[in-house]
Structure formats: structure tokens, C-alpha cells
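Here is the structure we will look at.
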Amino acid sequence: MNRIIATALVCVFSVSMAVAQDEPSPTAVLKEFTRSGNMDGVILSFVLLNDKTVDILFTAPGKYAIRASANQATTFYVQGVPDKDVKLNTKFVVEQDGQTFNCSSVNIKNFDGGTVAKGQRIDGIIQLDKKLNLSHPFTIKGQNSSLEFKLSEAALKEMQ
């Protein structure tokens with residue numbers, strides 16, 4: 029009987045380890061869904077929010093509302109730290125397949141369209157009013173700059 033239990037435990041442990049090894053690290057997941065670029069004089073990182081990235085970036089109870097929003101419409105978490113005082117414009121549009129979509133912005137910290145002092149962290153969310161076709165490339169455009177997103181096959185598979 030003990031031998032059967034021990035064998036069962038070894039099998040369960042082996043399967044658990046195999047599944048755990050197949051899971052990408054949080055850093056790898058974020059890398060797949062993040063693009064960074066100079067927007068208004070500050071390097072901003074845009075993280076495409078989905079179930080996996082929301083779980084990595086946010087904690088309960090707020091993550092549940094953010095996840096629900098991200099499941100309804102394409103949503104990005106925006107973060108940056110300016111290396112000089114900057115006037116941040118939070119009006120963004122997204123272009124895909126010849127269409128332009130306006131974004132609404134949510135201020136978490138210093139993402140309200142005002143002046144941000146050197147070294148102050150910027151945190152915010154931008155959201156479209158619809159879901160994009162993520163298998164097609166798209167571009168996030170700010171006032172004077174743009175950033176292209178093209179998800180890899182691995183990233184698209186990760187979202188399934």
C-alpha cells in the first residue's frame with residue numbers, strides 16, 4: 029500500500045514539475061506584451077493587458093476590475109520615469125488596418141496630462157472602446173511620436 033502511495037506521489041510530482049516548467053516566467057510574459065518608446069520626451073512602456081499581464085502587474089481587489097475592462101476592450105498599462113521635467117500629453121490613438129481608434133486615459137499617478145518632474149514615476153491606463161484584432165499589427169500614436177506593436181506567435185499563443 030505504501031509503495032502505491034509513493035508511486036502515485038512521484039507521478040503527481042513529476043507531472044506538476046513538467047507543467048511548471050512549461051509556464052514562462054513573469055519577466056518573459058511581460059516582455060512579449062510590452063513595447064517602449066520616446067513619447068513627449070519620456071520613455072514610456074505600454075503593456076498590453078490580458079489575463080496574464082494583469083495578474084503579474086496588479087493585486088486584488090483592483091486587478092479584477094482591470095481584468096474585466098481589458099477583456100471588454102483593448103487596454104494598455106503605461107509606465108515611465110522622465111529624466112527631465114516633461115509636459116505629458118495623454119491623448120493617444122491606435123491605428124490598425126487603416127482605422128483610427130481614440131483612447132481614453134485613466135490616471136494612476138502623474139498620467140493626467142500635466143507637467144511631470146524629473147524622476148517622478150508615471151503610471152496610467154489607456155483603453156480603446158473596442159477589442160483590436162491582435163493578430164494584426166497596430167500602432168499607438170501620441171502627439172509627436174508613435175510605437176508599433178506586432179505580437180509574436182508565442183504571445184498570441186500565450187493569450188489562448
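The numbering of the sequence shown is this note's numbering, which starts it at 29 and goes up by one.
Even for Gly, the Cβ is constructed at its ideal location relative to N, Cα and C.
Please list the terminal residues of the continuous alpha helix (DSSP H) segment that includes residue i.
i, result
"L184", "181-186"
Once DSSP output is grouped into helix, strand and coil, what is the label at residue i?
i, result
"F248", "Limits of the chain in this structure are 29 at one end and 188 at the other, which puts residue 248 out of reach."
"L175", "strand"
"F120", "coil"
"K169", "strand"
List the endpoints of the continuous beta strand (DSSP E) containing residue i.
i, result
"D151", "150-155"
"S163", "Neither: S163 is in no beta strand (DSSP E) and is coded neither H nor E."
Name, in chain order, the residues that DSSP records as bridge partners for residue i.
i, result
"N135", "G152"
"K115", "T143"
Hey, is residue i's beta-carbon within less than 8 Å of any beta-carbon in chain D?
i, result
"L162", "The structure shown has no chain D; it contains just one protein chain."
* Just list the alpha helix (DSSP H) runs in the region 46-99, keeping only unbroken ones of 4 residues or longer that don't cross its boundaries, in chain order. => 54-61, 79-85
* Asked: Using 8 Å as the Cβ pair cut-off and three pairs as the minimum, do the region 78-88 and the region 163-176 touch?
  -> no
* Asked: Just checking, does the region 131-150 make contact with the region 176-185 on the three C-beta pairs under 8 Å criterion?
  -> no
* Asked: Do the region 114-123 and the region 87-96 make contact, defined as three or more Cβ pairs closer than 8 Å?
  -> no
* Per the contact definition of three or more C-beta pairs closer than 8 Å, is the region 105-120 in contact with the region 63-71? -> yes
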